[in-house]
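In this note's numbering, each number is its position in the sequence shown, counted from 1, plus 226. Backbone N, C-alpha and C define an ideal beta-carbon position, used for all residues, glycine too. Keep in mind that this is a model prediction, so the values were computed, not measured. Encoded as structure tokens, the structure appears first; notes follow it.
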Amino acid sequence: MEPVVIIGSGLAGYNVARELRKLDRDVPLAIVTGDGGEFYSKPMLSNALASGKIPAAIPLNSAGQMADQLKAEIRTRAPVTAIEPGARRIRIGEESLAYSRLVLAIGASQIRLPIPGNAVDRILTVNSLDDYARFRSVLEGRKRIAIIGAGLIGCEFANDLAATGHQVHCIDIAAQPLSRLLPASGASFLQEKLAAIGVAWHLGTSVAAIERHDDAVSLALASGQVLTADLVLSAVGLKPNTELAEAAGLAHRRGILVDRLLVTSAAGIHALGDCAEVDGNVLPFVMPIMHAARALAATLAGTPTRVSYPAMPVLVKTPACPTIVAPPAAGARGEWLVERTAEAVKALYLDGAGKLLGFALNGTATAERAKLARELPPVLA
Ligand SMILES: Cc1cc2nc3c(=O)[nH]c(=O)nc-3n(C[C@H](O)[C@H](O)[C@H](O)COP(=O)(O)OP(=O)(O)OC[C@H]3O[C@@H](n4cnc5c(N)ncnc54)[C@H](O)[C@@H]3O)c2cc1C
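Here's what the structure looks like:
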């Protein structure tokens with residue numbers, strides 16, 4: 227019997243495998259991954275400095291330990307080069323591997339901005355353990371850090387770096403940090419708290435050019451200001467990895483298109499995690515992966531199961547300013563109702579009838595998270 231093949235060993239790939247093993251001890255299972263196959267919690271990467279973790283201490287299990295636990299064959303450093311849906315096999319270079327069912331858990335990639343200048347190759351991004359190890363080795367002995375992008379990942383790294391003695395500049399084209407997640411008042415609260423631990427903000431501007439100067443780089447901002455940094459980290463957003471699916475003729479839009487059964491446009495091929503667009507939703511977070519992994523495992527084990535998403539608030543790991551967001555669905559119609567005190571911002575997104583559609587909590591208001599989350603509508607009922 228051909229194995230169930232999972233491409234990718236991130237949280238999506240490994241969680242489907244774990245859930246499947248709870249339901250079926252015997253189905254042959256193979257995991258093929260482009261990286262080292264370590265099992266680790268990716269969210270830890272943006273607070274590992276302050277928590278004193280070196281990259282080697284981040285993995286919870288090696289690929290070998292995962293293979294034993296999951297009773298699976300795990301192929302590491304084996305980038306899949308093609309999918310052949312008609313023949314039900316994948317290609318890893320010259321080699322081919324047949325599957326009974328295929329799961330795409332191939333994640334997303336950090337977007338790289340086309341910035342002019344001769345130091346573009348010095349811009350780092352972090353979206354994997356390998357990236358993080360590189361980032362930490364470059365960071366060694368360097369103090370001045372420029373972060374391009376003040377979204378969730380940019381703000382978390384800004385906090386982690388500033389809290390560990392680095393001089394942090396954070397640049398974003400939007401007029402506020404977390405522009406997709408926080409209303410203006412919550413954003414200015416977060417901005418003040420991070421400024422208090424040393425983060426310098428450059429908002430409403432962009433990097434026009436980046437040039438190297440010996441070991442450092444200069445960043446010319448569109449505002450006219452010039453910054454000097456020893457390390458540049460870019461965190462301007464993620465793009466789902468759709469190329470493999472695209473080349474195989476699978477339907478894709480922002481992500482690889484799947485329905486509520488997490489089936490792509492090709493029979494026997496599923497997708498979940500950061501690479502997938504589930505019934506119109508691209509949600510690059512851990513909680514949607516956990517729900518999708520459970521549903522998909524049940525489907526793979528013989529009980530077709532539609533994925534449901536409850537409301538899934540996201541904790542922003544900025545200890546200088548505890549923040550929890552549950553953004554309203556795209557296209558939701560309503561208005562923010564905001565209460566601000568010295569210690570907190572509580573922002574509720576309400577529709578015309580006063581129904582709660584989303585929230586953003588900063589500071590001590592985060593204590594209300596559980597109560598408010600119960601009032602929210604599910605993301606996918
Ligand atoms: C710094 C950081 C902090 C975060 N913090 C939070 C947080 O606090 N809360 C939260 O909810 N979310 C957070 N996230 C997001 C969350 O970590 C991701 O949504 C999640 O880890 C994605 O898992 P994934 O398995 O879909 O993708 P990935 O982890 O990207 O895994 C993709 C896998 O596919 C493999 N792959 C790709 N292409 C191929 C190929 N062609 N052949 C073989 N293998 C391939 C890769 O090697 C990898 O193993 C954070 C993300 C980052 C970067």
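Rounded to whole angstroms, what is the Cα-Cα separation between residue i and residue j?
| i | j | result |
| --- | --- | --- |
| Ala-359 | Gly-560 | 43 Å |
| Leu-237 | Asp-500 | 10 Å |
| Leu-487 | His-439 | 53 Å |
| Ile-550 | Val-452 | 33 Å |
| Val-589 | Ala-573 | The sequence shown places Gly at residue 589, not Val. One C-alpha to the other measures close to 12 Å. |
| Phe-265 | Tyr-240 | 8 Å |
| Ser-354 | Gly-333 | 10 Å |
| Gly-475 | Gly-319 | 19 Å |
| Leu-249 | Ala-527 | 6 Å |
| Ala-434 | Asp-347 | 15 Å |
| Ser-335 | Pro-466 | 6 Å |
| Glu-437 | Ala-523 | 49 Å |
| Leu-468 | Leu-328 | Residue 468 is actually Thr in this sequence, not Leu. For Thr-468 and Leu-328, the distance between alpha carbons rounds to 15 Å. |
| Leu-470 | Ile-316 | 10 Å |
| Pro-553 | Pro-539 | 8 Å |
| Ala-421 | Ala-308 | 47 Å |
| Gly-278 | Arg-251 | 38 Å |
| Gly-312 | Val-306 | 17 Å |
| Asp-581 | Val-564 | Sequence inspection shows Lys at residue 581; the Asp mentioned does not correspond to that position. Whole-angstrom Cα-Cα distance: 15 Å. |
| Ser-444 | Ile-397 | 13 Å |
| Val-253 | Val-230 | 7 Å |
| Ile-515 | Glu-245 | 12 Å |
| Ala-388 | Gly-424 | 6 Å |
| Leu-365 | Gln-393 | 12 Å |
| Thr-544 | Gly-380 | 10 Å |
| Phe-415 | Ser-491 | 44 Å |
| Ala-384 | Gly-557 | 30 Å |
| Ala-289 | Ser-235 | 9 Å |
| Thr-390 | Ala-473 | 44 Å |
| Leu-408 | Trp-562 | 10 Å |
| Tyr-575 | Glu-594 | 15 Å |
| Ala-331 | Asp-485 | 15 Å |
| Gly-578 | Ser-449 | 39 Å |
| Ala-570 | Pro-548 | 9 Å |
| Thr-525 | Arg-314 | 18 Å |
Between the Cα of residue i and those of the options, spot the shortest distance and give me the residue it belongs to.
| i | options | result |
| --- | --- | --- |
| Ser-322 | Val-452, Pro-548, Glu-228, Arg-348 | Glu-228 |
| Ala-283 | Lys-268, Leu-296, Asp-294, Lys-297 | Lys-268 |
| Asn-344 | Gly-278, Tyr-325, Ala-442, Leu-464 | Ala-442 |
| Val-533 | Leu-328, Val-489, Leu-470 | Val-489 |
| Asp-636 | Gly-584, Arg-315, Ala-274 | Outside the displayed span of the chain (227 to 607) sits residue 636, for which this structure offers no information. |
| Ala-599 | Gly-450, Arg-327, Leu-541 | Leu-541 |
| Ala-555 | Ile-423, Ser-272, Ala-591, Val-508 | Val-508 |
| Ala-596 | Pro-545, Pro-536, Asp-577 | Pro-536 |
| Arg-520 | Pro-510, Lys-581, Thr-531 | Thr-531 |
| Val-605 | Gly-278, Met-513, Arg-480 | Met-513 |
| Ile-482 | Ala-502, Ala-293, Leu-365 | Ala-502 |
| Arg-362 | Pro-281, Val-394, Ala-331 | Pro-281 |
| Gly-375 | Ala-558, Asp-357, Val-352 | Val-352 |
| Ala-546 | Gly-377, Glu-382, Gln-295 | Glu-382 |
| Gly-412 | Gly-557, Asp-294, Phe-585 | Phe-585 |
| His-478 | Val-231, Gly-506, Ser-460 | Gly-506 |
| Lys-297 | Ser-272, Asn-287, Ala-276, Ala-256 | Ala-256 |
| Ala-324 | Gly-450, Ala-410, Ile-233, Ala-570 | Ile-233 |
In the DSSP output, what is residue i paired with across the bridge?
| i | result |
| --- | --- |
| Cys-396 | Ile-373, Trp-427 |
| Arg-566 | Val-571 |
| Ile-232 | Ile-257, Val-329 |
| Ser-460 | Ile-374 |
| Glu-437 | Ser-444 |
| Phe-585 | Ala-552, Leu-574 |
| Thr-454 | Ser-444 |
| Tyr-358 | Bridge partners of Tyr-358: none, in fact. |
| His-496 | Val-329, Val-489 |
| Phe-265 | Asn-287 |
| Gln-336 | Leu-464 |
| His-478 | Ile-482 |
| Val-540 | Val-551 |
| Ala-308 | Arg-317 |
| Tyr-535 | Leu-606 |
| Ser-322 | Arg-317 |
If we cut at 8 Å on Cβ distances, does residue i have a partner in chain E?
| i | result |
| --- | --- |
| Phe-265 | Judged by its chain identifiers, the structure shown contains no chain E, having just a single protein chain. |
* **Stretch-stretch touch, CB-based, cutoff 8 Å, three pairs: the region 253-263 with the region 298-317** => yes
* Decide yes or no for the touch test of the region 368-378 against the region 455-467: beta carbon pairs closer than 8 Å, at least 3 of them. => yes
* Mind the definition here: the region 410-429 touches the region 392-402 only if three or more C-beta pairs lie below 8 Å; say whether that holds. => yes
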